[in-house]
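One point on numbering: in my numbering, the residue at position 69 of the sequence shown is 56, and numbering is uninterrupted.
Taking it in order: structure first as structure tokens, then the write-up.
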Amino acid sequence: MQQKYIKIHPSDKVAVALCPLAAGTVVSIDNQEITLLEDIPQGHKFALEDLAENEPVIKYGYPIGITKEAVRSGGWIHVHNMKTALGDLLTYTYNKQDMVLAPTEERFFQGFRRSDGKVGVRNEIWIIPTVGCVNNVASAIERRAQSLKSGSIDAIAAFPHPYGCSQMGDDQENTRQILADLVNHPNAGGVLVLGLGCENSNIEELKKHIGPYDDKRVKFLVSQESDNEIEDALALIRELVDYAGAMKREPVSCSELIIGMKCGGSDGLSGITANPTVGAFSDLLISKGGTTILTEVPEMFGAETLLMNRCENEELFNKTVTLINDFKNYFKSHNQTIYENPSPGNKKGGISTLEDKSMGCTQKSGSAPVRGVLSYGEPVKEKGLNLLSAPGNDLVASTALAASGAHIVLFTTGRGTPFASPVPTVKISSNSALYQKKGNWIDFNCGTLVEGTDLATLRDRLFDYVIAVASGEEVKSEKAGFHDMAIFKQGVTL
């Protein structure tokens, strides 16, 4: 039986409608009856007591903003009568919260072991352009190469992007780092790096970022040096297919799994169903020795202290403070409001302020201690929970997760989206209506968490599904043939 409303934390001053509730509906919470004064859409909040003007609105046990006017018990609380209470740069104090996850039984998936010891969950051939000038050539090669697939090759995919030239400083270095990260990603059994020849991020420059590589796995082609770059590329792809296609899946401990966590198109149920389920999954994987990565820094604003206090030591705490403040300064340097969030879709789904969004977003981190803090493009080094510097943009953040080493991205959503990333991207719905409507997009439904399924059961189902995906089961975007990537553009274009 579906719940109709929920009070998330005992100290909350609001409850959330889990389905549309009509004005005049009487709800019973904490042994008191409250009559709703107006219609409350699904995912939206209503007051559990009279609130004065400028009073904190408490949800998840924490303030998510303040009222702009007095709100009566049973009244709808949203952007029309509440606002953010956040400021700009803050001073933080480290109040360490000791978190220990007891080890749990080892699990295995069927993965591909690479020559450098890394493990992939896919055996794909990737075509990586160094510069946007050869994007159409890369796409043409991808189309022509489909007939070459054989053996254990899962897909042949190109990753067009508009960068690689006319960039300066750190902006150019970021492009090179992300491209190098993708070249080194173990989900690619073979890689063709396609250059033009005159670009800033040319192949010789990119090799400095790639580092040592297996010349059977990575091939390079400079288009300006070729009489026919498409035919030459196809010949190289045949070599890559012969090499990688002979590889077989083998049992691999899930302690070697790296899972990225991201949300987008959130609604009022995201922080109640999908994100807590992913958080419980993260804790379970970490308890088995695995690794998770949480990103989208601007959507940590307002909940950042919860993550800071879970840092394993003061050095990580200081890195997390820098992670947060660097992004705030990035906004300010472009004369943008730090708290210009949530999006129109978020608001329609019931999220009223950035604090509201962030408290829901950080549910994906579970309860594990923070063991690593990564800069944009930096590969993950520490097992356990890591924080990654990247914006909230879905494509950019998911690409950043893949570049840092994520084998799979878990993407929670209340609105739905068809996009993919360089790695399998599992779409997880926060509500059953979305799952039923967009079955061609959504891979896993967490809406059942308010329909009688308990969190532990749903967590275990998600874990089993991730193991299946890691072992080769295609997600919906893979079945559609989608492969996307996007690089974070921060600097001047010449």
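Every residue, glycine too, gets a C-beta built ideally from N, C-alpha and C.
(Q) Quick check: what's the CA-CA separation for L24 versus V3? (A) Mapped onto the sequence shown, residue 24 falls at position 37. Mapped onto the sequence shown, residue 3 falls at position 16. Counting only the Cα atoms, V3 lies some 14 Å from L24.
- So what does DSSP say about F398, is it helix, strand or coil? Along the sequence shown, read from residue 1 onward, the residue named residue 398 stands at position 411. Strand.
I want to check one thing, is the minimum distance from the CB of D85 to the heavy atoms of the ligand FAD below 7 Å? Only the bare structure without any ligand can be found here, which leaves the ligand FAD out of the picture.
- Going by the CB atoms, is the gap between E93 and I143 shorter than 8 Å? Start at 1 with the first residue of the sequence shown, and residue 143 comes out as number 156. Start at 1 with the first residue of the sequence shown, and residue 93 comes out as number 106. No, they are not a contact pair.
### Message
Going by DSSP in three states, Y363 sits in which element: helix, strand or coil?
### Response
Taking the sequence shown and counting its residues from 1, one reaches residue 363 at position 376. Of the three classes helix, strand and coil, the one that applies to Y363 here is coil, per DSSP.
On the premise that T91 lies in contact with S274, defined as a C-beta separation below 8 Å, what is that separation, rounded to the nearest angstrom? Reading the sequence shown from its first residue, position 287 is the one you call residue 274. Reading the sequence shown from its first residue, position 104 is the one you call residue 91. The pair is a contact, with the Cβ atoms about 4 Å apart (cut-off 8 Å).
- Item | Alpha-carbon to alpha-carbon, V14 and K0 | Counting from 1 along the sequence shown, the entry for residue 0 is found at position 13. Counting from 1 along the sequence shown, the entry for residue 14 is found at position 27. The alpha-carbon atoms of K0 and V14 are separated by roughly 14 Å.
Quiz prompt | Every unbroken alpha helix (DSSP H) within the segment 94 to 150, with a cutoff of 4 residues, ordered by chain | solution = Here the runs fully enclosed are 122 to 132.
- Task: Could you please give the first and the last residue of the uninterrupted alpha helix (DSSP H) stretch that includes M295?
- Result: If you number the sequence shown from 1, residue 295 lands on position 308. E291 to M295 is the span of the alpha helix (DSSP H), which, as asked, contains M295.
(Q) Please classify D482 as buried or exposed, where buried requires at least 16 neighbouring CB atoms within 10 angstroms. (A) Shown here, the chain extends from -12 to 481; a query on residue 482 therefore has no answer.
Requested in this report: Leaving out five residues on either side along the sequence, give the residues of the same chain with a beta carbon under 6 Å from the beta carbon of I21.
Outcome: Position 34 of the sequence shown holds residue 21. Taking C-beta separations shorter than 6 Å and ignoring five residues to either side along the sequence, the partners of I21 in its chain run V14, S60 and G61, following chain order.
**Item:** With 16 other Cβ atoms within 10 Å as the buried cut-off, status of K351
**Value:** Reading the sequence shown from its first residue, position 364 is the one you call residue 351. Its Cβ being crowded by 16 or more others within 10 Å, K351 is buried.
> If M472 sits next to P409, beta carbons under 8 Å apart, how far is it from one beta carbon to the other, in whole angstroms?
Replying inline: As a working note, residue 472 is residue 485 in the sequence shown. As a working note, residue 409 is residue 422 in the sequence shown. At roughly 5 Å, the Cβ-Cβ gap stays under 8 Å, so M472 and P409 are in contact.
Out of R130, D219 and G289, which has the shortest C-alpha to C-alpha gap to S210? Translated into positions along the sequence shown, residue 210 becomes position 223. It is D219.
Quiz prompt | For N161 and Q477, believed in contact at Cβ under 8 Å, the rounded distance | solution = As a working mapping, residue 477 is identified with position 490 in the sequence shown. As a working mapping, residue 161 is identified with position 174 in the sequence shown. That pair is a contact at about 7 Å.
Can you tell me the Cα-Cα spacing of V437 and C6, whole angstroms? For the purposes of this step, residue 437 is identified with residue 450 of the sequence shown, where counting begins at 1. For the purposes of this step, residue 6 is identified with residue 19 of the sequence shown, where counting begins at 1. The C-alpha of C6 is placed about 10 Å away from the C-alpha of V437.
Pairs of beta-carbons, one from the segment 371 to 388 and one from the segment 414 to 430, closer than 8 Å: are there three or more? Note that the segment 371 to 388 does not touch the segment 414 to 430; fewer than 3 beta-carbon pairs, one per stretch, sit closer than 8 Å.
**Item:** Nearest-angstrom Cα separation, counted from A455 out to V106
**Value:** Reading the sequence shown from its first residue, position 119 is the one you call residue 106. Reading the sequence shown from its first residue, position 468 is the one you call residue 455. Their Cα atoms are separated by approximately 15 Å.
| To the nearest angstrom, how far is it from the Cα of V396 to the Cα of D17? | Within the sequence shown, residue 396 is the residue found at index 409, counting from 1. Within the sequence shown, residue 17 is the residue found at index 30, counting from 1. The straight-line gap from Cα to Cα measures roughly 38 Å.
**Prompt:** Going straight from the alpha carbon of P405 to that of E129, what length do you get?
**Reply:** Mapped onto the sequence shown, residue 405 falls at position 418. Mapped onto the sequence shown, residue 129 falls at position 142. So the alpha carbons of these two residues sit roughly 21 Å apart.
- Task: Consult DSSP for K476 and reduce its assignment to one of helix, strand or coil.
- Result: Looking up residue 476 in the sequence shown gives position 489. Reduced to three states, the DSSP call for K476 is coil.
Residues in its own chain within less than 7 Å of T349 by CB, not counting five upstream and five downstream?
Residue 349 sits at position 362 when you count from the first residue of the sequence shown. Excluding positions up to five away in sequence, the list reads M287, A290, L293 and L294.
Would a C-beta distance cut-off of 8 Å place G353 and G258 closer than the cut-off?
Taking the first residue of the sequence shown as position 1, residue 353 is located at position 366. Taking the first residue of the sequence shown as position 1, residue 258 is located at position 271. Here G353 is not near G258, since their CB atoms are 8 Å or more apart.
Can the beta-carbon of N208 be found less than 8 Å from the beta-carbon of L281?
The sequence position of residue 208 within the sequence shown is 221, counting from 1. The sequence position of residue 281 within the sequence shown is 294, counting from 1. Before going further, note that residue 208 is Leu rather than Asn in the sequence given. Cβ atoms of L208 and L281: not closer than 8 Å.
Exercise for review: Mind reading off the beta-carbon distance from G252 to R402? Whole number of angstroms is fine, and I expect it under 8 Å.
Suggested key: Here residue 252 is taken as the residue at index 265 of the sequence shown, counted from 1. Here residue 402 is taken as the residue at index 415 of the sequence shown, counted from 1. At roughly 3 Å, the Cβ-Cβ gap stays under 8 Å, so G252 and R402 are in contact.
query = Can you name the residues that DSSP bridges to F431?
reply = Translated into positions along the sequence shown, residue 431 becomes position 444. Bridge partners of F431: I415.
Query - Rounded C-alpha distance that separates I498 from N380 - result: Only positions -12 to 481 of the chain appear in this structure, which leaves residue 498 out of reach.
ask   = Nearest to K83 by CA position, among L361, Y422, S391 and N305, is which residue?
value = Here residue 83 refers to the residue found at position 96 when the sequence shown is read from its first residue. Taking K83 as reference, the option from L361, Y422, S391 and N305 with the minimal CA-CA separation is N305.
Short of 8 Å in beta carbon distance, which residues of its chain neighbour L303, apart from the five on each side in sequence? Order them along the chain. Within the sequence shown, the letter at position 316 stands for residue 303. The residues are V357, R358, G359 and V360.
Excluding five sequence neighbours on each side, which residues of the same chain lie with their C-beta closer than 7 Å to the C-beta of A127?
-> Along the sequence shown, one-based indexing puts residue 127 at 140. Answer for A127: I217, listed in chain order.
inquiry  = Per the DSSP calculation, K344 is bridged to which residue(s)?
reply    = One-based indexing of the sequence shown puts residue 344 at position 357. Answer is none; K344 lacks a bridge partner.
Where R358 sits in the DSSP three-state scheme: Taking the first residue of the sequence shown as 1, we reach residue 358 at position 371. Reduced to three states, the DSSP call for R358 is strand.
Margin query: Using CA atoms only, rank isn't needed, just tell me which of H(-4), L73 and N41 is closest to L35.
Written below: Within the sequence shown, residue 35 is the residue found at index 48, counting from 1. Checked all of H(-4), L73 and N41; the closest Cα to L35 is H(-4).
### DSSP state of F304 mapped onto helix, strand, coil
Stepping through the sequence shown from its first residue, residue 304 is reached at position 317. Three-state DSSP puts F304 in a helix.
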